[in-house]
Structure formats: structure tokens, C-alpha cells
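See structure below.
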Amino acid sequence: MPKRICIDPGHGGYDPGAVAKGVREKDITLKIGLQLRDLLRKAGFEVLMTREADVSPGGYPQVAADLRERCRIANTKQVDVFLSLHVNAGGGRGAEIYVYGQGGPIASLAKGVITGVSTICGTHGQAVRDGGPNGTGFAVICNTEADAMLLEIGFIDSDDLQKIQANLDKFAPLICRAFCEFYKLKVPDDRADDQEPPVPQMLDRQAVDLVIAQLGALTKTGTDEVLVACNYAANSLRRALSLPITQNKGIPTPRAADRVIDVLGALWMCAEDEDIQDAYHYAADALRAVQSQRFIG
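Just so it is clear: in the sequence shown, position 96 is 132 by our numbering, and no numbers are missing.
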């Protein structure tokens with residue numbers, strides 16, 4: 037039975053996380069988290085996300101609610117490993133990773149993750165640290181039932197930022213490699229697909245039909261720009277299942293893509309059915325490809 041991994045891109049929605057020179061932590065962690073999700077799935081893992089868009093998992097502008105929801109998602113699905121992604125602040129340099137105590141069963145996994153990630157920004161003092169109740173006491177480490185890790189890839193308010201921006205697409209493959217080596221699985225090809233996003237396992241026809249219908253309903257009240265974005269997202273789902281495309285309204289603007297991604301992210305948070313969640317995130321990923329060039333300078 038494949039191992040189930042929960043990826044938690046830190047912050048989101050109302051909470052930008054650490055900010056420096058116009059760059060927001062929440063954008064960096066989501067970018068890495070989505071790339072890591074796809075790579076781990078290619079390797080054979082089951083992957084669960086706490087967020088797949090710029091939303092707050094708790095649904096309210098409260099940090100405590102967000103943290104509880106992140107833990108609830110992981111605990112409800114009984115994941116094997118929980119990984120929270122972050123970018124540090126405070127003027128330091130280098131990466132670090134927090135575990136429960138000494139790391140327990142995943143001590144060598146945490147070491148593998150930080151060994152790979154630190155090739156970009158180095159390490160900040162002690163590479164592996166105690167994030168449990170006797171250490172830093174991070175909520176997502178203390179309150180998740182799974183073996184948990186919290187990774188800080190570097191400092192956003194130091195010269196680490198330039199290294200992070202220049203190597204943004206390297207973090208997910210480095211983390212994935214550590215997971216594959218720990219669980220003795222083949223490391224997947226990390227080359228990006230220039231066309232559609234990878235199909236998550238196998239999209240369910242009924243779930244796809246539901247999401248396409250929801251996108252169609254959104255066009256009834258949305259602007260012309262939103263209509264184009266919804267059509268583009270719906271057609272990406274049709275192509276994934278080789279369904280006929282009756283209308284093609286072209287490429288959406290980045291602004292419209294962002295708006296529909298936010299809607300899909302909110303719907304994703306409300307869905308309990310994983311097949312429906314897969315359809316939401318596939319459609320959102322197709323739109324992200326449109327505005328990816330706008331991402332982080």
C-alpha cells in the first residue's frame with residue numbers, strides 16, 4: 037500500500053507569511069508544494085494537500101483556526117508523513133528542518149530532506165531541530181498524529197532570497213528525491229510538461245462532469261474575462277479524459293485565471309471526495325500554467 041503524504045504549503049489567503057522586496061512566503065510555499073505534489077504522485081505516493089490555492093485552510097482570518105484545520109486534514113486522512121513548507125525571516129541565512137524530538141521513525145528522512153535543500157542556501161546552524169513540545173512547539177508538529185516535519189528553506193529577508201528565486205524549481209525535486217530514497221522508490225523525472233498538467237492518478241468522469249458544470253454556472257454571473265478562464269479550465273478537464281470540446285474561447289488573462297483559481301481553491305476546501313478534489317486541482321493547475329510567468333521575479 038503506498039505511503040500517504042500530506043504537504044502543507046505554509047500561510048495563504050489573508051496571511052502572506054514573511055514578506056521581503058514584494059515577495060511573499062505564501063507564494064513560494066504554494067509553488068513548491070504543488071510541484072512536490074506532482075512529483076511524489078509520479079513516484080507512487082498518495083498525496084494530500086492542506087491548500088492548493090491562495091486560501092486559508094481554516095476559512096477564517098485566524099491563525100489558530102488555520103493551524104487546527106491543517107492538522108485536522110492530516111489526522112482525518114491518517115497520513116503517514118506531514119510536511120509543512122515555510123520560508124524563514126529574521127535576518128539569518130540557510131535552511132533548517134524541525135521534527136518531533138529527534139525525529140523518531142523519520143529521522144533519516146528529515147536529514148535527507150535538509151541535506152538536499154541546503155545545497156541551495158546552506159544550513160542555519162543546527163540543521164535538524166526539535167519542533168515538538170520540548171522544543172519550539174510548532175502546532176503542526178505537536179498536533180498531527182503523523183510523523184511531522186516543518187521545513188524552512190531559507191531566509192526571505194537576507195541574500196537567501198536571490199538564491200531561492202534563482203532556484204525555485206529545484207526545491208521540489210530535492211525534497212522528492214529524499215522521500216524516494218527513504219522509501220526506496222524510483223526518483224521520477226522532474227522535467228516540466230509544457231502542455232497540460234499531469235493527470236492526478238486517474239481523473240473520475242463523474243467528478244469531472246460535476247466540476248465542468250460548476251465552471252459553467254460561474255460563467256452565468258462572471259465577467260467576459262472570467263468566462264474565458266472557466267472555458268479554458270473546463271476544456272483542460274475534457275482533454276484529460278478525451279472528451280469532445282465544443283467551444284474554445286482562447287487563453288485567459290492572468291487576472292481572470294487568478295480569480296477562477298481562487299474559486300476552485302475555495303471549492304476544493306469544501307469537498308470531502310478526493311475524486312472531486314483531484315478535478316478541482318487539475319483545472320486550477322491548467323490555469324496556473326497561464327499565469328506562471330507572472331509568479332516571482
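Beta carbons are placed, not taken as given, at the ideal position from N, Cα and C, and that holds for glycine. On a predicted model such as this, the values are computed, not experimentally measured, just so you know.
- Residue pairing for residue 159: DSSP places it in a beta bridge opposite 131.
- For residue 207, the uninterrupted alpha helix (DSSP H) segment begins and ends at 207-219.
- DSSP places residue 305 in the helix class (H, G or I) of the three-state scheme.
- The three-state secondary structure of residue 59, taken from DSSP, is strand.
- For residue 184, DSSP records a beta bridge to 118.
- Judged by DSSP secondary structure, residue 102 falls within the alpha helix (DSSP H) whose first and last residues are 99-112.
- Residue 124 carries a strand assignment under DSSP once its states are collapsed to helix, strand and coil.
- The continuous beta strand (DSSP E) containing residue 43 extends over residues 40-45.
- If you draw a 10 Å sphere on the C-beta of residue 295, you find 16 or more other C-beta atoms in it, and that means buried.
- In this structure the region 57-77 lies against the region 118-136, because at least three pairs of beta carbons, one per stretch, are closer than 8 Å.
- Counting C-beta pairs with one atom in each stretch, the region 145-157 and the region 187-205 have three or more that are closer than 8 Å, which means they touch.
- In summary, residue 291 is exposed, with fewer than 16 beta-carbon neighbours lying within 10 Å of its beta-carbon over all protein chains present.
- Secondary structure note for residue 261: its alpha helix (DSSP H) is the uninterrupted segment 260-276.
- Cβ contact annotation for residue 118 (same chain, cutoff 6 Å, sequence separation greater than five): 42, 110, 180, 182, 184, in chain order.
- Following the DSSP letters along the chain, one finds residue 84 inside the beta strand (DSSP E) bounded by residues 82-85.
- Beta-carbon to beta-carbon, residue 164 and residue 142 are separated by about 11 Å, too far to satisfy the 8 Å threshold.
- In its chain, beyond the 5 residues on either side, 89, 320, 323, 324 have a beta carbon closer than 7 Å to the beta carbon of residue 297.
- Below 8 Å, enough C-beta pairs join the region 73-85 and the region 201-214 to call them touching: three or more.
- Under the three-state reduction of DSSP output, residue 190 falls in the strand class.
- Distance check between residue 302 and each of 44, 195, 91 places 91 closest, using alpha-carbon atoms only.
- For residue 177, the enclosing alpha helix (DSSP H) stretches over residues 175-178.
- One alpha carbon belongs to residue 94, the other to residue 178, and they sit about 18 Å apart.
- Residue 252 sits in a helix when the DSSP states are folded into three classes.
- Boundaries of the alpha helix (DSSP H) around residue 202: 196-202.
- A contact is defined here as three or more CB-CB pairs under 8 Å, and the region 239-246 meets this definition with respect to the region 304-315.
- At a Cβ-Cβ threshold of 8 Å, residue 273 and residue 299 do not count as neighbours.
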